[in-house]
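Number 100 in our numbering belongs to position 42 of the sequence shown; there are no gaps in the numbering.
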Amino acid sequence: MLKFNVQEKFLIAGGTIAGLAAIWHLLMIVGGPEWYAFARAPQYIVESAKAKTFVAPLGAVAIAILMFTCTAYAFSGAGLIRKIPLLKSALTTVALICLVRGLYISPLFYSVKKLGVWHLTASAVWFFVGVCFLIGTINQFVVKK
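#1: For residue 192, which residues in the same chain have their Cβ closer than 6 Å to its Cβ, ignoring the five residues on either side in sequence?
#2: Classify residue 97 as helix, strand or coil using the three-state DSSP reduction.
#3: Among 107, 146, 186 and 77, whose alpha-carbon lies nearest the alpha-carbon of residue 198?
#4: Sorted by chain position, which residues of the same chain lie with C-beta nearer than 6 Å to residue 179's C-beta, five sequence neighbours on each side aside?
#5: Could you work out which residue in 98, 140, 92 and 82 is closest to residue 110 when comparing CA atoms only?
#6: Which value, in whole angstroms, describes the spacing of the CA atoms of residue 95 and residue 103?
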């Protein structure tokens, strides 16, 4: 039976959330324009989905690949899969990107009228994922493996 320390559990949680978000992005392709709109995709992406051009699905696939990559690095750092090259650098980068994304609800980016439950929830989730990756990254530098 596999035993994980607290830091590895955080990486597993962050990686799982990233993987689920990747699946969500792929499901938007099937769900169509309404799903893109629900996910607050930019208007040109929603229009692409309505017109059935390649921009919306290509963007969704690209984001899903990035998120699945984050999942792979998280699971590698947790010891679920073999070590991936550049593990420490990747975990650090993902942690910083997610933390910045989590702070994206700042009034500098949105007027108060546009801030809603979706923005607050998405920002809170990505901030949590950033914290998970940060804790897991620290573990990579502290624990000799």
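Here a beta-carbon is modelled for each residue, glycine too, at the ideal position from N, C-alpha and C.
From a predicted model like this one, the values you see are computed outputs, not experimental measurements.
Let's see:
#1: 153.
#2: Here residue 97 sits in coil by DSSP.
#3: The residue among 107, 146, 186 and 77 with its C-alpha nearest the C-alpha of residue 198 is 146.
#4: Nothing listed; no residue qualifies.
#5: Among 98, 140, 92 and 82, the Cα nearest to that of residue 110 belongs to 92.
#6: Cα to Cα, the separation comes out at about 9 Å.
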